[in-house]
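**Q** Protein chains in written order, with the numbering used here: chain G, 5 to 99; chain U, -11 to 458.
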């Protein structure tokens, strides 16, 4: 599968990455190699195989609806951000 | 040419679980500081695992059953990717391929049935507040459990769109799955509208108005879109498929800047959450906890409560649950007190949380029925049942304390009537009445009422007077 520059740009836009043209070309090549490698799986006939959605064979892992103390409090978490105003996280303008 | 509108509605309902969908932090952020109800999971710190809240599954079953929906035995979660500051994970955990709630229907008060396509569990996003040069992020709402209810394009008028949203709101509150506070966004509606010529087999191009949070806005936005699209088509123009914003102030929808291409969410199975498998027994056991729904009350009380009173009362599940507790013979009079007295009170919202006991209400209705309380006195005693000073007492004690019990004992009343008739000042009225002057009976009844300090039953007094003066 060909991953051209515009496809890489599209993916970058969706993730809000900024890429220059050289990076986009190089990443396109990397992605092509990755897809080619994984595409080897296409050689297998899976028409009679149920799709696998998870590999642990677990189900119904639920917890009780109880409030529990957390490993990090509000202050710890806000300290991870670049800038806050009145306990809110400040981000560049999005609208 | 006549144009037929077609409307489909997506509704997001916030579930009233104690904790969030995927972490053990407080789900009720009302009145709390921004970013105070958050965990490392909500912040999406590397290596954090979501842990599914079992209560959300139970509530989803109740919500599904409230809409006459199938509950799917197998469901699972998927990641819906998008990049925006309201979602630290960079994706929303939702159910795209295998939702927990299957098809069903909602019946409107008019009897029209609106089909439900499916409904699924997902986490809410954080809240953004926009300023001139920056935006602020509050993550308290991240991963509040939601169910998104997707209707079929089955609605054909603005009125039905309104009624559908209102009925959903009722169903979700009767089922007890949400606080249902519309002002605070507990339920939000996205409305898809299109119009097509009457004879057309194909639906027209649709527009989507997002994030409406009142039934009235839904109705007005749909009315506006039907008129706008019809006008475009009549002028030979085309409707553009787009998201439009609604303004309550202007009463108009306006096109929002559309993205150059359709969104690319790159859905994939959520590897951190094992699938849900529900046995028939579990689904049945949980479903059996569903209380009576509005449609059940319409059937049960349809012959007792007038239709318009019923539709008013149905907005308050607390009142219907209470009517269901009292004796059926008292439902008519108590429902009238609820509709005409309770809901007219300034403090009615407070009162709803702390209604009188079924016994207090049964006693009140019976005392009124037996004329121990006049209708006016019954209203007064009813309101005293909400009075913090009085509410612990039984109805009869309250009525006695207020001196509102009517004297119905015919012997006792007869004695009072005799006392009044013996007074010289009533002599002339007695003669006039005997001479055929009907209306002086009112004067005599008044005298007896005065003598009894207002406690006599006036109709009984009149009857006794007529006998004695015959």
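For each residue, glycine too, the CB sits at the ideal point set by N, CA and C.
Please give the ranges of any alpha helix (DSSP H) in the region 141 to 220 of chain U, keeping only runs that are unbroken, at least 4 residues long and fully inside the region.
**A** With a minimum length of 4 residues, the continuous alpha helix (DSSP H) runs that stay inside the region 141 to 220 of chain U are 146 to 162.
**Q** Going by DSSP in three states, residue 69 of chain U sits in which element: helix, strand or coil?
**A** Three-state DSSP puts residue 69 of chain U in a strand.
**Q** When you compare only the Cα positions, how much space is there between residue 67 of chain U and residue 108 of chain U?
**A** Those two C-alpha atoms are separated by around 13 Å.
**Q** If you run the structure through DSSP and keep just helix, strand and coil, what is residue 44 of chain G?
**A** Helix at residue 44 of chain G.
**Q** Could you tell me the alpha carbon to alpha carbon distance between residue 5 of chain G and residue 40 of chain G, rounded to whole angstroms?
**A** Near 7 Å, if we compare the C-alpha coordinates of residue 40 of chain G and residue 5 of chain G.
**Q** Buried or exposed: residue 151 of chain U, going by 16 or more other Cβ atoms within 10 Å of its Cβ?
**A** When all chains shown are included, residue 151 of chain U counts as buried.
**Q** Suppose the cutoff is 8 Å on Cβ atoms and the five residues either side in sequence are ignored; what does the same chain contact list for residue 90 of chain U look like?
**A** So the list reads 52, 57, 58, 59, 60 and 106, once near-sequence residues are dropped.
**Q** Measuring straight from C-alpha to C-alpha, what distance separates residue 248 of chain U and residue 79 of chain G?
**A** Low per-residue confidence applies at residue 248 of chain U: pLDDT is 42, beneath 50, and the placement is therefore not dependable enough to give any value.
**Q** In chain G, which residues lie with their C-beta within 9 Å of the C-beta of residue 40 of chain U?
**A** The contacting residues are 64, 65, 66 and 67.
**Q** Between which residues of its own chain and residue 456 of chain U is the CB-CB distance below 7 Å, once the five residues before and five after are set aside?
**A** 405 and 409, listed in sequence order.
**Q** What's the C-alpha gap between residue 65 of chain G and residue 365 of chain U?
**A** Each residue's alpha carbon lies about 58 Å from the other.
**Q** Can you list, in chain order, the residues of its chain whose CB lies under 7 Å from that of residue 208 of chain U, leaving out five sequence neighbours each side?
**A** Excluding sequence neighbours, residue 208 of chain U sits near 239.
**Q** In angstroms, rounded to a whole number, what distance separates the CA positions of residue 403 of chain U and residue 424 of chain U?
**A** The alpha-carbon atoms of residue 403 of chain U and residue 424 of chain U are separated by roughly 25 Å.
**Q** Quick one: Cα of residue 222 of chain U to Cα of residue 119 of chain U, how far?
**A** Approximately 41 Å, taken between the alpha carbons.
**Q** Just to confirm my understanding: we take residue 417 of chain U, look at its own chain, exclude 5 residues before and 5 after, and list those with CB closer than 7 Å. What are they?
**A** Answer for residue 417 of chain U: 428, 431 and 432, listed in chain order.
**Q** Considering just the uninterrupted stretch of the beta strand (DSSP E) at residue 126 of chain U, what are its terminal residues?
**A** Taken as a continuous stretch (DSSP letters only), the beta strand (DSSP E) holding residue 126 of chain U covers 122 to 126.
**Q** Do you know offhand how far residue 234 of chain U's Cα is from residue 27 of chain G's?
**A** Going by the C-alpha atoms only, they are around 42 Å apart.
**Q** Could you check which residue in U:129, U:305 and U:445 has the C-alpha nearest to that of residue 360 of chain U?
**A** Comparing Cα positions, the closest option is U:445.
**Q** Is the beta carbon of residue 147 of chain U less than 9 Å from the beta carbon of residue 178 of chain U?
**A** In this structure, residue 178 of chain U does not lie closer than 9 Å to residue 147 of chain U by Cβ.
**Q** Pop quiz: residue 57 of chain G and residue 38 of chain U are said to be a contact at Cβ under 8 Å. What is the actual Cβ separation, rounded to whole angstroms?
**A** Rounded, the Cβ-Cβ distance is 16 Å, inconsistent with contact.
**Q** I'd like to know whether the C-beta of residue 34 of chain G is nearer than 9 Å to at least one C-beta of chain U.
**A** Answer no: the Cβ-Cβ gap between residue 34 of chain G and chain U never drops below 9 Å.
**Q** Determine, using beta carbons only, whether residue 64 of chain U comes closer than 9 Å to chain G.
**A** Yes, its Cβ sits closer than 9 Å to a Cβ of chain G.
**Q** Report yes or no: do three or more beta-carbon pairs, one from the region 178 to 187 of chain U and one from the region 297 to 307 of chain U, lie closer than 8 Å?
**A** Verdict: no, contact absent.
**Q** Return the residues of the region 230 to 243 of chain U that lie within a Cβ-Cβ distance of less than 9 Å from chain G, sorted by chain order.
**A** Within the region 230 to 243 of chain U, no residue has a Cβ that lies closer than 9 Å to any Cβ of chain G.
**Q** Is there contact here, the region 69 to 85 of chain U with the region 97 to 104 of chain U, by at least three beta-carbon pairs under 8 Å?
**A** The region 69 to 85 of chain U vs the region 97 to 104 of chain U: no contact.
**Q** For the alpha helix (DSSP H) that residue 82 of chain G lies in, which residues bound it at each end?
**A** Here the alpha helix (DSSP H) through residue 82 of chain G covers 78 to 82.
**Q** Is there contact between the region 67 to 81 of chain G and the region 6 to 22 of chain U, where contact requires at least three CB pairs shorter than 8 Å?
**A** Segments in contact, yes.
**Q** From U:272, U:156 and U:266, pick the residue whose C-alpha is nearest to that of residue 2 of chain U; which is it?
**A** It is U:156.
**Q** Is the beta carbon of residue 174 of chain U sitting closer than 9 Å to the one on residue 20 of chain U?
**A** Cβ distance not < 9 Å, so residue 174 of chain U and residue 20 of chain U don't count as in contact.
**Q** What does the alpha-carbon distance come out to for the pair residue 149 of chain U and residue 196 of chain U?
**A** One C-alpha to the other measures close to 14 Å.
**Q** Kindly list, in the order they appear in chain U, the residues whose Cβ is closer than 9 Å to that of residue 91 of chain G.
**A** Under the 9 Å cutoff, chain U gives 21, 22, 23, 24 and 126.
**Q** Does the contact criterion of 3 or more C-beta pairs under 8 Å hold for the region 339 to 354 of chain U versus the region 322 to 331 of chain U?
**A** With the cut-off at 8 Å, the region 339 to 354 of chain U and the region 322 to 331 of chain U touch.
**Q** Considering just the uninterrupted stretch of the beta strand (DSSP E) at residue 253 of chain U, what are its terminal residues?
**A** Residue 253 of chain U -> no beta strand (DSSP E), and no H or E assigned at all.
**Q** Could you have a look at residue 135 of chain U and say whether DSSP puts it in helix, strand or coil?
**A** Strand at residue 135 of chain U.
**Q** Straight-line CA distance for residue 93 of chain U to residue 22 of chain U?
**A** Straight-line Cα distance between these residues: approximately 38 Å.
**Q** So what's residue 239 of chain U in DSSP terms, helix, strand or just coil?
**A** In this structure, residue 239 of chain U counts as coil in the three-state DSSP scheme.
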